[in-house]
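Novice: First the structure, which I've put down as structure tokens, then a few questions once you've had a look.
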Amino acid sequence: MPTMVLGSGFLSNNYGDFYISEGVVYFRGTVAGVASTEFQPLTGSDRIVSTSESSLSGSIVDLYVDNQGVAVLTDRGSVYKLGTGSEGIFGGSPGTETNWRYAAGSIMSRVVAVEHTPGVGVVYQYANGTRTLTNADSDSQQYGSYINSEPIDKIVRTATQELAVMDNGNLYVGSSNSNMGQVGLSGTVKDIGVLGTSTMLALTDSGDLYTSTDGVNWSISNTSIAKFNMSQGKLFVVKSDGQVLSSDELVPVNYTAQGQVDSADAVTSIQETGDGVVAYVGNDLYSISADGSMSHYYTIMPTYDANGFDLFGLHRDTGTEFDPSGMTVNGNAYDSLGYDINGYNSDGYNVSGWSASSVNQETGTEFDANGLTIDGDEYDSRGFDINGLSANGGNESGFDIATYIHRDTGTEFDSNGLTIDGDIYDQYGYAVDGYNGDGFNRAGINSETGTEFDASGVSSDGDLYDADGYDSIGYNASGYDRDGYNTSGINGDGFYVTGVHSTTQSEFDTSGMTADGDEFDANGLTQSGSVFGLDTLTVDDNAYGPDGRDYEGYDEGGFLADKVHKNGTVYDTDGYTADGWNEDGVFRDGARVKNGHLTKQFKIDHHVARESYFKTRVITAQLNPSGAAVKLGTFTVRNNSRDGFDLSMVSAQGGILQPDSVLDGEVPIPYSVNIKQTGSLGQGVDSVLTHASDALSNGQVSILSRAGSIVSSATDANFDLYVNANALGGALDMAGTYSDVLTLTYTDI
Numbered sequence: 000m001p002t003m004v005l006g007s008g009f010l011s012n013n014y015g016d017f018y019i020s021e022g023v024v025y026f027r028g029t030v031a032g033v034a035s036t037e038f039q040p041l042t043g044s045d046r047i048v049s050t051s052e053s054s055l056s057g058s059i060v061d062l063y064v065d066n067q068g069v070a071v072l073t074d075r076g077s078v079y080k081l082g083t084g085s086e087g088i089f090g091g092s093p094g095t096e097t098n099w100r101y102a103a104g105s106i107m108s109r110v111v112a113v114e115h116t117p118g119v120g121v122v123y124q125y126a127n128g129t130r131t132l133t134n135a136d137s138d139s140q141q142y143g144s145y146i147n148s149e150p151i152d153k154i155v156r157t158a159t160q161e162l163a164v165m166d167n168g169n170l171y172v173g174s175s176n177s178n179m180g181q182v183g184l185s186g187t188v189k190d191i192g193v194l195g196t197s198t199m200l201a202l203t204d205s206g207d208l209y210t211s212t213d214g215v216n217w218s219i220s221n222t223s224i225a226k227f228n229m230s231q232g233k234l235f236v237v238k239s240d241g242q243v244l245s246s247d248e249l250v251p252v253n254y255t256a257q258g259q260v261d262s263a264d265a266v267t268s269i270q271e272t273g274d275g276v277v278a279y280v281g282n283d284l285y286s287i288s289a290d291g292s293m294s295h296y297y298t299i300m301p302t303y304d305a306n307g308f309d310l311f312g313l314h315r316d317t318g319t320e321f322d323p324s325g326m327t328v329n330g331n332a333y334d335s336l337g338y339d340i341n342g343y344n345s346d347g348y349n350v351s352g353w354s355a356s357s358v359n360q361e362t363g364t365e366f367d368a369n370g371l372t373i374d375g376d377e378y379d380s381r382g383f384d385i386n387g388l389s390a391n392g393g394n395e396s397g398f399d400i401a402t403y404i405h406r407d408t409g410t411e412f413d414s415n416g417l418t419i420d421g422d423i424y425d426q427y428g429y430a431v432d433g434y435n436g437d438g439f440n441r442a443g444i445n446s447e448t449g450t451e452f453d454a455s456g457v458s459s460d461g462d463l464y465d466a467d468g469y470d471s472i473g474y475n476a477s478g479y480d481r482d483g484y485n486t487s488g489i490n491g492d493g494f495y496v497t498g499v500h501s502t503t504q505s506e507f508d509t510s511g512m513t514a515d516g517d518e519f520d521a522n523g524l525t526q527s528g529s530v531f532g533l534d535t536l537t538v539d540d541n542a543y544g545p546d547g548r549d550y551e552g553y554d555e556g557g558f559l560a561d562k563v564h565k566n567g568t569v570y571d572t573d574g575y576t577a578d579g580w581n582e583d584g585v586f587r588d589g590a591r592v593k594n595g596h597l598t599k600q601f602k603i604d605h606h607v608a609r610e611s612y613f614k615t616r617v618i619t620a621q622l623n624p625s626g627a628a629v630k631l632g633t634f635t636v637r638n639n640s641r642d643g644f645d646l647s648m649v650s651a652q653g654g655i656l657q658p659d660s661v662l663d664g665e666v667p668i669p670y671s672v673n674i675k676q677t678g679s680l681g682q683g684v685d686s687v688l689t690h691a692s693d694a695l696s697n698g699q700v701s702i703l704s705r706a707g708s709i710v711s712s713a714t715d716a717n718f719d720l721y722v723n724a725n726a727l728g729g730a731l732d733m734a735g736t737y738s739d740v741l742t743l744t745y746t747d748i
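Residue numbering for the sequence shown follows numbering that gives the first Met the number 0, beginning at 0 and increasing consecutively.
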């Protein structure tokens, strides 16, 4: 396997997934309120989470994740944590979501290793060999470098006890350095761990995985185990043959197959992620499935072997499958597709099928299947294309090998009368004189007889019939001439050319049809003598015969000769007899009357469209400072209804211009309204066209109104509306803002 150069811990918790690469922690999930579906930096200058790293010193060398937070170990021997409640696992002051807080270690008292039990706590190992347990009681806070005079290799914590393995593989259990008792298992122990908060795990060199909940009673949970780890509360084991199993039992007894890895020794850990089970191998992550498949999932960073090739067989210096000397990861000269560094396979051809000498692998010539050379040209090194033609389209003899046409004669023959094949006949079998070996030309005419037949009566096709199917005397294989008659003058339907049938000696055959295939003879009669055929129509496709009646005897009006209608009465559907009279003695033309009566009417109509129209147009809203009358606008009234209409006016301020304020001594300015009329008022309509300020102060005033109960003529008039401010002493020249609104209301009665 390739050796791992740099990169660390791929781990998962309820936050998401984490790994270290070149001293930077990357995450995928949700941290400090920031969510990411792809791996993004959690630490360093490019981090996407707004965390404070002011207290975090040194380069990160290891990573630990717990559902209560995340912690890192730096090359300065210090541990820092992130996450609310993370102090419950990693110790130190209370943790937060946005600040890396100190947990343990210093430059003088360096932490060199951390044994982490998720949900319980950690054991810090210092450079001097001592160990400290987080959040333990003071009596059992410290461990030295030895237990029972044996050097400690690793200590892990349960909720109530510690489990320790020595350098020599002996196993101890206890609650403090002073009361650790040795556990006797079969074989030496090479690794230990804790599942949940209380289940102890011990893996021996022989591959037996032991479990215990009290440290006293141990049982074998599984065998042939190469390594194990915990993730998301589950136990994952990798067997020696690469099989990956898991168990979510508190004391694992039953296991579920999760997949297969290529090499158990190459596995760093197995993690439960949101995308399923992922194996951390080298610097790469692989998805594994219960069906045994193992597929590449993610590259943490390139992993190169001793020769500089990564896991995908690409060399770090060239970026290809070849090293600088032209060899691949397998030590041969050909890549995964079978080509060497120059692009040629073992047969000497490149991926496009060309050799170094420009020969195509498929055709064995200088042309590919499409007729193109290695340069994409149509002509080879001799100047000929795939068909043997030069650029001018001819071969060495002057023939176009595609059309067989000679360049000098413009035919398939050269000046000697020979074709491209060297014989006297062209591709269609004709000589230079236009005749084939049997004496026929291209039109099928024989040179001796001048017809489509030779002297023996055989055509150019070698049979006795010409192109139309007739022999030399004009009859086809059925014995009929070109007009369809045999030697007796009878056609295939048994008719003579005169139209008389040979059997019936009439214009009809035995089925009643004539020589034309019709059922009518020359006189327009059927074999039975009727003018109507089977479709009840005449020879001219008319429904009525020469007498004006159909095949049932009815005329076009639906009457029989006895003047009875189809409906069984003497009247048709319109109520008229065959002679055209109805029961009232009125003729069909609606004008003549016989012994009856006829009624006609004259209708009188008069209509005048109703009109009730009122429209205004504003010209200005500004008064004349001189006090002269100002035309505010115009209005038009049109009404032609007898009940008339009303037009009234009201002033919002009661006939005065009201000032907006009295800061400068402003007082109201009275005004009057004068209306000028053009056009006509209807008879019965009264008008009041002048209104003083006092009149407007009393509310609504009438401009136009109905005088009596009715109006006897139409109104069509235009009006100009003037306002006179009636100001004395130049009041309109004085400061102030004044306003009023005149409202005209038109009512159609």
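Yeah, the Cβ is synthetic: ideal placement off N, Cα and C, and Gly gets one too.
Computed from a predicted model, the values in this text were never measured in an experiment.
Pick helix, strand or coil for G698, following the three-state DSSP scheme.
Specialist: Within the sequence shown, numbered from 1, the residue matching residue 698 stands at position 699. Coil.
Novice: From this set, V457, Y479, Y484, which residue's C-alpha is nearest S471's C-alpha?
Specialist: Indexing the sequence shown from 1 puts residue 471 at position 472. For S471, the nearest C-alpha among the options comes from V457.
Novice: Please state whether DSSP places D693 in a helix, a strand or coil.
Specialist: Here residue 693 is taken as the residue at index 694 of the sequence shown, counted from 1. In this structure, D693 counts as helix in the three-state DSSP scheme.
Novice: Out of curiosity, what's the CA-to-CA distance linking I419 and I400?
Specialist: Looking up residue 419 in the sequence shown gives position 420. Looking up residue 400 in the sequence shown gives position 401. For I419 and I400, the distance between alpha carbons rounds to 8 Å.
Novice: Could you pull the start and end residues of the beta strand (DSSP E) that F494 belongs to?
Specialist: Here residue 494 is taken as the residue at index 495 of the sequence shown, counted from 1. Per DSSP, F494 belongs to no beta strand (DSSP E) and is neither H nor E.
Novice: Please classify A763: does DSSP put it in a helix, a strand, or coil?
Specialist: It is not possible to answer for residue 763, since the shown part of the chain is limited to 0 through 748.
Novice: Once DSSP output is grouped into helix, strand and coil, what is the label at G433?
Specialist: Counting from one through the sequence shown, the residue named residue 433 turns up at place 434. In the structure shown, G433 sits in coil (DSSP, three-state: anything other than H, G, I, E or B).
Novice: Grab me the residues of N475's own chain with a C-beta within less than 6 Å of its C-beta, minus the 5 sequence neighbours each way, in chain order.
Specialist: Counting from 1 along the sequence shown, the entry for residue 475 is found at position 476. The answer, listed in chain order, is G468, Y469.
Novice: Using DSSP's beta-bridge definition, name the partner residues of I151.
Specialist: Counted from its first residue, the sequence shown places residue 151 at position 152. Answer is M165, bridged to I151.
Novice: Closest by CA to E52, which one among R705, A34, E37, Y79?
Specialist: The count along the sequence shown starts at 1 and reaches residue 52 at position 53. The residue with the shortest Cα to Cα distance from E52 is Y79.
Novice: Run through the region 295-334 for me and flag every whole beta strand (DSSP E) of 3 or more residues, listed as ranges in chain order.
Specialist: Taking only runs of at least 3 residues, no beta strand (DSSP E) segment lies wholly in the region 295-334.
Novice: Under three-state DSSP, which class holds L743?
Specialist: For the purposes of this step, residue 743 is taken as the residue at position 744 of the sequence shown. The answer is strand: DSSP assigns L743 an E or B state.
Novice: Could you say if the region 733-743 and the region 648-658 meet the contact criterion of at least three C-beta pairs nearer than 8 Å?
Specialist: Yes, they touch.
Novice: Could you tell me if L5 is buried or exposed, where buried requires 16 or more neighbouring beta carbons within 10 angstroms of its beta carbon?
Specialist: For the purposes of this step, residue 5 is identified with residue 6 of the sequence shown, where counting begins at 1. Low confidence applies to L5: its pLDDT is 28, below 50, so where it sits in the model is not reliable enough to give any reading.
Novice: Give me the residue from S712, S701, Q699 with the minimum Cα distance to V607.
Specialist: Counting from 1 along the sequence shown, the entry for residue 607 is found at position 608. Among S712, S701, Q699, the Cα nearest to that of V607 belongs to S712.
Novice: From the DSSP output, which residues share a beta bridge with K675?
Specialist: Taking the first residue of the sequence shown as 1, we reach residue 675 at position 676. Paired residues: D719.
Novice: What does the alpha-carbon distance come out to for the pair S137 and G120?
Specialist: For the purposes of this step, residue 137 is taken as the residue at position 138 of the sequence shown. For the purposes of this step, residue 120 is taken as the residue at position 121 of the sequence shown. With a pLDDT of only 43 at S137, under 50, the local geometry of the prediction cannot be trusted, and the value read off the model is given with reservation. About 15 Å.
Novice: Residue range of the beta strand (DSSP E) that G28 falls in?
Specialist: Looking up residue 28 in the sequence shown gives position 29. From DSSP, the beta strand (DSSP E) with G28 extends over 23-30.
Novice: V661: buried (16+ other C-beta within 10 angstroms of its C-beta) or exposed?
Specialist: By 1-based counting over the sequence shown, the position of residue 661 is 662. It counts as exposed.
Novice: To the nearest angstrom, how far is the alpha carbon of Y745 from that of V629?
Specialist: Locating residue 745 in the sequence shown gives position 746, where the first residue counts as 1. Locating residue 629 in the sequence shown gives position 630, where the first residue counts as 1. Distance between the alpha carbons of Y745 and V629: 23 Å.
Novice: Could you tell me which uninterrupted alpha helix (DSSP H) segments, each at least 4 residues in length, are contained entirely in the region 71-114, listed from first to last along the chain?
Specialist: Entirely contained in the region 71-114, the alpha helix (DSSP H) runs reaching 4 residues are, in chain order, 86-89.
Novice: Tell me where the beta strand (DSSP E) around K593 begins and ends.
Specialist: Within the sequence shown, numbered from 1, the residue matching residue 593 stands at position 594. Where K593 is concerned, there is no enclosing beta strand (DSSP E), given that its DSSP letter is neither H nor E.
Novice: Can you round the beta-carbon distance between S288 and P251 to whole angstroms, since I take them to be within the 8 Å contact cut?
Specialist: Taking the sequence shown and counting its residues from 1, one reaches residue 288 at position 289. Taking the sequence shown and counting its residues from 1, one reaches residue 251 at position 252. Incorrect: roughly 21 Å between the Cβ atoms, too far for contact.
Novice: Looking only at its chain, what residues have a beta carbon closer than 7 Å to the beta carbon of D261, apart from the 5 residues adjacent to it on each side?
Specialist: Looking up residue 261 in the sequence shown gives position 262. G241, M293, listed in sequence order.
Novice: Within the continuous beta strand (DSSP E) that includes P251, where are the two ends?
Specialist: Locating residue 251 in the sequence shown gives position 252, counting from the first residue. Here P251 belongs to no beta strand (DSSP E), and DSSP marks it neither H nor E.
Novice: Could you pull the start and end residues of the beta strand (DSSP E) that D16 belongs to?
Specialist: The residue given as residue 16 occupies position 17 in the sequence shown. Run containing D16: 15-20, per the beta strand (DSSP E) assignment.
Novice: Leaving out five residues before and five after I618 in sequence, what residues of the same chain have Cβ atoms less than 8 Å from its Cβ?
Specialist: Along the sequence shown, read from residue 1 onward, the residue named residue 618 stands at position 619. Contacts found: K630, L631, G632, T633.
Novice: Are V33 and I47 closer than 8 Å when you measure CB to CB?
Specialist: Taking the sequence shown and counting its residues from 1, the one referred to as residue 33 is at position 34. Taking the sequence shown and counting its residues from 1, the one referred to as residue 47 is at position 48. The answer is yes: Cβ separation under 8 Å.
Novice: Going along the chain, which residues of its own chain have a beta-carbon closer than 7 Å to the beta-carbon of G370, five neighbours each way excluded?
Specialist: Against the sequence shown, residue 370 aligns to sequence position 371. Counting only Cβ-Cβ distances below 7 Å, and skipping sequence neighbours, we find E377, D384, I385.
Novice: Does the distance from the CB of V111 to the CB of G76 come in under 8 Å?
Specialist: Along the sequence shown, one-based indexing puts residue 111 at 112. Along the sequence shown, one-based indexing puts residue 76 at 77. A contact, by the Cβ cut-off of 8 Å.
Novice: When the distance is taken between beta carbons, is G491 closer than 8 Å to G483?
Specialist: Position 484 of the sequence shown, counted from the first residue, corresponds to residue 483. Position 492 of the sequence shown, counted from the first residue, corresponds to residue 491. Against a cut-off of 8 Å, the Cβ pair of G491 and G483 comes out as a contact.
Novice: Less than 8 Å separating the beta-carbons of Y670 and N723?
Specialist: Here residue 670 corresponds to residue number 671 of the sequence shown, with the count starting at 1. Here residue 723 corresponds to residue number 724 of the sequence shown, with the count starting at 1. Cβ atoms of Y670 and N723: closer than 8 Å.
Novice: Cα separation between S510 and Q526?
Specialist: Translated into the one-based positions of the sequence shown, residue 510 becomes position 511. Translated into the one-based positions of the sequence shown, residue 526 becomes position 527. If you take the alpha carbons of S510 and Q526, they lie about 9 Å apart.
Novice: Let's test the definition: count the other Cβ atoms within 10 Å of the Cβ of Y427 and tell me whether it reaches 16, buried, or not, exposed.
Specialist: To locate residue 427, count along the sequence shown from 1; it is residue 428. When all chains shown are included, Y427 counts as exposed.
Novice: Report the three-state DSSP secondary structure of D588 (helix, strand or coil).
Specialist: What you label residue 588 is simply residue 589 of the sequence shown in a count that begins at 1. D588 falls in the coil class under three-state DSSP.
Novice: Taking only three categories from DSSP, how would you classify A466?
Specialist: Residue numbering aside, residue 466 sits at position 467 when the sequence shown is read from its first letter. The answer is coil: DSSP assigns A466 none of H, G, I, E or B.
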